[in-house]
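Structure, as structure tokens:
Encoded structure:
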């Protein structure tokens, strides 16, 4: 069965506090839609915007809310390896399933593979590698991927590289070497292609809003309904355009505004994006999209 995991937004009040009820609403909706997991503090979760205390509050709350009902993954991204290891250690007391790690941006001569291996050696539970060259400008060779995939603590890779060549090469590498690493597509607009090609699932940033649509797409692939998967993918792209905008000007605040209109969170406030970009025109576009895809979204 193909797995569907949401790289969730982090709901906030306008003073920057965690919208605790909003997070509960998002998680309960994802569980109701049958999601296999949720990933806290990825790119969509604004990981670089919060203090360690804020993150720990969120991890503690999410752990208590989710329990064993779905997989809970927690990002430990930071601007340096020591800071990521500090986060890892501070989270050890909470009950969740896995860490997610993305090496810091390539602004030094530190070896990112060694950083990943250090996290894998240190972690008290499984780890997912978040591979996102557009974010950190780190690209791995196939030999480097093989080195990391050989580590028993690497559970999976969230591949957000938008690289079709790499997607296929990783699948071939896994088959040839007998690795157990799971592969997850990170780009919403390529999920059908990845799952059809053999990926184990998707971990996507529209999961807070589009969990039902994502689950339908995966179900179609599981059932061999390729036209149905493509149709579900096309609808998800239409929602992507309607909520984010063709130019993606409303990535964070657009999805949060949609969640506000659905009654799930209190405000569209985001730290990662100028709120002035959420114009009246953008709000009308988002509201029109929600009306058009009402049944597909909930």
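Numbering (the numbering used here), first residue to last: 5 to 302.
Glycine included, each C-beta is placed from N, C-alpha and C at the ideal position.
Buried/exposed call for residue i, threshold 16 Cβ in 10 Å
i: residue 165; result: buried
i: residue 173; result: exposed
i: residue 260; result: buried
i: residue 57; result: exposed
i: residue 93; result: exposed
i: residue 196; result: buried
i: residue 27; result: buried
i: residue 189; result: buried
i: residue 30; result: buried
i: residue 7; result: buried
i: residue 230; result: exposed
i: residue 220; result: buried
i: residue 161; result: buried
i: residue 102; result: buried
i: residue 179; result: exposed
i: residue 49; result: buried
i: residue 181; result: exposed
Alpha carbon of residue i to alpha carbon of residue j, nearest angstrom
i: residue 109; j: residue 137; result: 9 Å
i: residue 207; j: residue 88; result: 21 Å
i: residue 51; j: residue 257; result: 15 Å
i: residue 224; j: residue 71; result: 28 Å
i: residue 10; j: residue 34; result: 8 Å
i: residue 239; j: residue 113; result: 43 Å
i: residue 134; j: residue 119; result: 13 Å
i: residue 61; j: residue 100; result: 14 Å
i: residue 55; j: residue 198; result: 35 Å
i: residue 286; j: residue 262; result: 11 Å
i: residue 63; j: residue 86; result: 19 Å
i: residue 167; j: residue 143; result: 11 Å
i: residue 279; j: residue 18; result: 11 Å
i: residue 269; j: residue 154; result: 41 Å
i: residue 169; j: residue 145; result: 12 Å
i: residue 227; j: residue 237; result: 15 Å
i: residue 265; j: residue 95; result: 33 Å
i: residue 65; j: residue 191; result: 27 Å
Residue(s) in a DSSP beta bridge with residue i
i: residue 43; result: 11 and 77
i: residue 104; result: 79 and 132
i: residue 207; result: 9
i: residue 163; result: 135 and 189
i: residue 22; result: 16
i: residue 158; result: 131
CB contact below 8 Å: residue i versus chain D
i: residue 171; result: This model lacks chain D altogether, as it is built from one protein chain only.
Beta-carbon separation (whole angstroms), residue i vs residue j, contact threshold 8 Å
i: residue 216; j: residue 37; result: 5 Å
i: residue 124; j: residue 157; result: 4 Å
i: residue 282; j: residue 254; result: 6 Å
i: residue 159; j: residue 130; result: 4 Å
i: residue 218; j: residue 211; result: 6 Å
i: residue 106; j: residue 141; result: About 11 Å separates the two Cβ atoms, so there is no contact after all.
i: residue 39; j: residue 5; result: That belief does not hold up - the Cβ atoms of residue 39 and residue 5 are roughly 12 Å apart, past 8 Å.
i: residue 187; j: residue 175; result: 7 Å
i: residue 252; j: residue 193; result: The pair is not a contact, with the Cβ atoms about 11 Å apart (cut-off 8 Å).
- [ ] Could you tell me whether the segment 65-85 touches the segment 36-47, where touching means 3 or more Cβ pairs closer than 8 Å?
- [x] By the criterion of at least three beta-carbon pairs nearer than 8 Å, the segment 65-85 is in contact with the segment 36-47.
Task: Contact the segment 22-38 vs the segment 192-208: 3+ CB pairs below 8 Å - done: With fewer than three CB-CB distances shorter than 8 Å, the segment 22-38 does not count as touching the segment 192-208.
Open item on the list: With three or more beta-carbon pairs closer than 8 Å as the criterion, would you say the segment 246-266 touches the segment 280-296?
Closed with: At 8 Å Cβ cutoff, the stretches touch.
TODO: Flag this pair as touching only if the segment 125-132 and the segment 141-150 have three or more C-beta atom pairs under 8 Å; answer yes or no.
DONE: No, they do not touch.
Open item on the list: Taking 8 Å as the cut-off, does the segment 270-286 touch the segment 11-21 (at least 3 CB pairs, one atom from each stretch)?
Closed with: As far as the Cβ criterion goes, the segment 11-21 touches the segment 270-286, which means the pair count is three or higher.
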